[in-house]
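Below is one structure, written out as structure tokens; the observations come after it.
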Amino acid sequence: MLRSPLLHFLLAGVLLFALQSAWSSVPQTPIVEVRRGEIDERIESYRLQMGRAASPSEAQAIEEQVIENAIWLEQAFALGLHEIDSVVRQRLILNMRFLEGSVAAGGPIDPGKPGADTSTTSDQALFERALELGMDRSDTVVQRRLVDRVQAIVRAAVRARPVDDATLEAHFEATQERWREPSMLDLSHVYLSRDKRADATLAAAAALLAQLREGATEPDAAIAMGDPFLAGHRLRGATPNRIVARLGPTFAAGVEDAPTQRWIGPVESAFGQHLVWIHERIESRIPELEAVRPRVLEDWIEIESRKALREQVEHRRKVVEVRVVDDRATPSG
96 MLRSPLLHFL LAGVLLFALQ SAWSSVPQTP IVEVRRGEID ERIESYRLQM GRAASPSEAQ
156 AIEEQVIENA IWLEQAFALG LHEIDSVVRQ RLILNMRFLE GSVAAGGPID PGKPGADTST
216 TSDQALFERA LELGMDRSDT VVQRRLVDRV QAIVRAAVRA RPVDDATLEA HFEATQERWR
276 EPSMLDLSHV YLSRDKRADA TLAAAAALLA QLREGATEPD AAIAMGDPFL AGHRLRGATP
336 NRIVARLGPT FAAGVEDAPT QRWIGPVESA FGQHLVWIHE RIESRIPELE AVRPRVLEDW
396 IEIESRKALR EQVEHRRKVV EVRVVDDRAT PSG
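Residues in the sequence shown are numbered from 96 upward in steps of one, following my numbering.
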């Protein structure tokens, strides 16, 4: 595993150079073919998934996605990734083993089934045969893998790019709200069960609240004056989302702006009524850059990677001829 940032940078540079060289070594006007049937299949898949037909703009976006995928795929083949990627190789060999077994037995054979003879041909011979049959261009798993691999080259180049403090600080300033830490509460609560008291729950809670305030009762002692609560009577460093998950949105709203160091309530939840003591409130804040630097760096890398991928595709679209081939079956007269 490479640990030196310099080695990462050099390797990524070599990979990106190879990609750019592959793109420039093809004929002057490279042709990228896309099947109309594939586009239609993707649009139909969208309809089934969304429960409605794609709008014209959505259908156009799907078509563009298929075309971009085809462009990336051609670059993967230009780099020879289909010949050196171990996942692709094993996938194609497995396909051929299955095909070999099916032909030999006159029907499908599961390569993993005990007793199935799928070892009559070497892996290398099967792999070469799969390439001859064009399986590397027709298998959707292989296609996804190759697109991921070639895009990873671009991403690796971005990740290896040195990032100075000024760049990271500027990104942090532009995205500050993304790093905001939520407010947090430390609280204890006395629980009065609705199941136990029914319509008298609210009145019982109000009476107990007056008693707690009058006696300046400490939280630990007060908890024993209520009912057991399965989820516990104390929350420490609880964010709004955690409070909602534990006690529900009504309770969370009831303590959101409540004062500290005093008994408040009754505060309702789905379980009943609560009397609450807020020990401490930590207000929402934006941390210093150093506290979130790794996350900010990863965010910058992701944004720059998407930008680099978009730029690569846009550049390629200018120098290739995209042909949408109508491979759909025509109705017989």
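The beta carbon of each residue, even a glycine, is placed where N, CA and C say it ideally should be.
Output the distance between the C-alpha atoms of Trp274 and Ala148, rounded to the nearest integer angstrom.
-> Working through the sequence shown from its first residue, we reach residue 274 at position 179. Working through the sequence shown from its first residue, we reach residue 148 at position 53. About 38 Å.
Any contact of the region 396 to 405 with the region 251 to 268, i.e. 3+ C-beta pairs under 8 Å?
-> yes
Identify every run of the alpha helix (DSSP H) within the region 358 to 384, keeping only runs that are complete inside it and at least 4 residues long; order them along the chain.
-> none
For Thr345, count neighbouring Cβ atoms within 10 angstroms of its own Cβ and tell me buried if that reaches 16, exposed if not.
-> For the purposes of this step, residue 345 is identified with residue 250 of the sequence shown, where counting begins at 1. Exposed is the call here.
Cβ distance (whole Å) where Leu168 is taken to contact Gln219 below 8 Å = Along the sequence shown, one-based indexing puts residue 168 at 73. Along the sequence shown, one-based indexing puts residue 219 at 124. In fact, because the Cβ distance is near 24 Å, the residues do not count as touching under 8 Å.
Proximal residues to Val258 (C-beta, below 7 Å), its chain only, five neighbours per side dropped = Along the sequence shown, read from residue 1 onward, the residue named residue 258 stands at position 163. Around Val258: Leu392 and Trp395.
Hey, Ala300 and Pro361 are a contact pair by Cβ (cut 8 Å); roughly how many whole angstroms apart?
-> The residue given as residue 300 occupies position 205 in the sequence shown. The residue given as residue 361 occupies position 266 in the sequence shown. About 4 Å separates the two Cβ atoms, so the contact holds.
Taking 8 Å as the cut-off, decide whether the C-beta atoms of Val371 and His284 are in contact.
-> The sequence position of residue 371 within the sequence shown is 276, counting from 1. The sequence position of residue 284 within the sequence shown is 189, counting from 1. For Val371 and His284, yes; Cβs fall inside 8 Å.
Pull up the distance between the alpha-carbon of Ile179 and that of Asp422, whole angstroms please.
-> What you label residue 179 is simply residue 84 of the sequence shown in a count that begins at 1. What you label residue 422 is simply residue 327 of the sequence shown in a count that begins at 1. Each residue's Cα considered, the two are about 30 Å apart.
May I ask you to list the residues that DSSP assigns as paired with Val420?
-> Residue mapping note: residue 420 aligns to position 325 of the sequence shown, counting from 1. Paired residue(s): Arg130.
Just mark Leu303 as buried or exposed, buried being the case when its beta carbon has 16 or more other beta carbons within 10 Å.
-> What you label residue 303 is simply residue 208 of the sequence shown in a count that begins at 1. Buried, by the Cβ-count rule.
Measure the alpha-carbon distance for Ile144 versus Ile138 and round it to whole angstroms.
-> Residue mapping note: residue 144 aligns to position 49 of the sequence shown, counting from 1. Residue mapping note: residue 138 aligns to position 43 of the sequence shown, counting from 1. The residue you asked about is not Ile; residue 144 is Gln in the sequence shown. About 10 Å.
Work out the CA separation of Asn190 and Val415 for me, nearest whole Å.
-> Within the sequence shown, numbered from 1, the residue matching residue 415 stands at position 320. Within the sequence shown, numbered from 1, the residue matching residue 190 stands at position 95. So the alpha carbons of these two residues sit roughly 32 Å apart.
Between the beta-carbon of Arg337 and the beta-carbon of Ala326, is there less than 8 Å?
-> Walking along the sequence shown from the start, residue 337 turns up at place 242. Walking along the sequence shown from the start, residue 326 turns up at place 231. Against a cut-off of 8 Å, the Cβ pair of Ala326 and Arg337 comes out as no contact.
Any idea what DSSP makes of Glu351, helix, strand or coil?
-> As a working mapping, residue 351 is identified with position 256 in the sequence shown. Residue state, collapsed to three classes: coil.
Would you mind sorting Met320 into buried or exposed? The rule is 16 or more other CB atoms within 10 Å of its CB.
-> Against the sequence shown, residue 320 aligns to sequence position 225. Exposed, by the Cβ-count rule.
Inter-residue spacing [alpha-carbon to alpha-carbon] between Asp212 and Ile188 = If you number the sequence shown from 1, residue 212 lands on position 117. If you number the sequence shown from 1, residue 188 lands on position 93. Unreliable placement is indicated for Asp212, whose pLDDT of 49 sits below 50; no coordinate value is reported for it.
Roughly how many angstroms separate the alpha carbons of Gln160 and His410, rounded to a whole number?
-> Start at 1 with the first residue of the sequence shown, and residue 160 comes out as number 65. Start at 1 with the first residue of the sequence shown, and residue 410 comes out as number 315. One C-alpha to the other measures close to 15 Å.
Residues that Ala300 bridges to, as DSSP identifies them = Counted from its first residue, the sequence shown places residue 300 at position 205. For Ala300, which the question treats as bridged, DSSP gives no partner whatsoever.
Could you check the C-alpha separation between Thr216 and Glu227 for me, to the nearest Å?
-> Start at 1 with the first residue of the sequence shown, and residue 216 comes out as number 121. Start at 1 with the first residue of the sequence shown, and residue 227 comes out as number 132. The alpha-carbon atoms of Thr216 and Glu227 are separated by roughly 15 Å.
Three-way DSSP call (helix, strand, coil) for Arg275 in this model | On the sequence shown, residue 275 is found 180 positions in, with the first residue counted as 1. Here Arg275 sits in coil by DSSP.
Tell me Ser288's beta-bridge partners as DSSP assigns them.
-> Translated into the one-based positions of the sequence shown, residue 288 becomes position 193. Answer is Gly367.
Assuming Arg289 contacts Phe366 (C-beta within less than 8 Å), just tell me the rounded distance between them.
-> Within the sequence shown, numbered from 1, the residue matching residue 289 stands at position 194. Within the sequence shown, numbered from 1, the residue matching residue 366 stands at position 271. With a Cβ gap of about 7 Å, Arg289 and Phe366 count as contacting.
How should Arg331 be labelled, buried or exposed, when 16 other C-beta atoms within 10 angstroms of its C-beta is the threshold for buried?
-> In the sequence shown, counting from the first residue as 1, residue 331 sits at position 236. Counting Cβ neighbours within 10 Å, Arg331 comes out exposed, since fewer than 16 surround it.
One or two residues paired with Leu330 in a DSSP bridge | Position 235 of the sequence shown, counting from 1, holds the residue named residue 330. The partner list for Leu330 (beta bridge, DSSP) reads Leu282.
Where does Thr345 sit, in a helix, a strand or coil, going by DSSP?
-> Stepping through the sequence shown from its first residue, residue 345 is reached at position 250. DSSP places Thr345 in helix when its eight states are reduced to three.
Below 8 Å between beta carbons: does that hold for Ser379 and Glu276?
-> In the sequence shown, the residue the question calls residue 379 occupies position 284. In the sequence shown, the residue the question calls residue 276 occupies position 181. Yes, the Cβ-Cβ distance between Ser379 and Glu276 is below 8 Å.
Extent of the continuous alpha helix (DSSP H) run through Glu158 | Residue mapping note: residue 158 aligns to position 63 of the sequence shown, counting from 1. First-last of the alpha helix (DSSP H) with Glu158: Pro151 to Ala173.
Helix, strand or coil: which one does DSSP assign to Ser140?
-> In the sequence shown, the residue the question calls residue 140 occupies position 45. It is helical.
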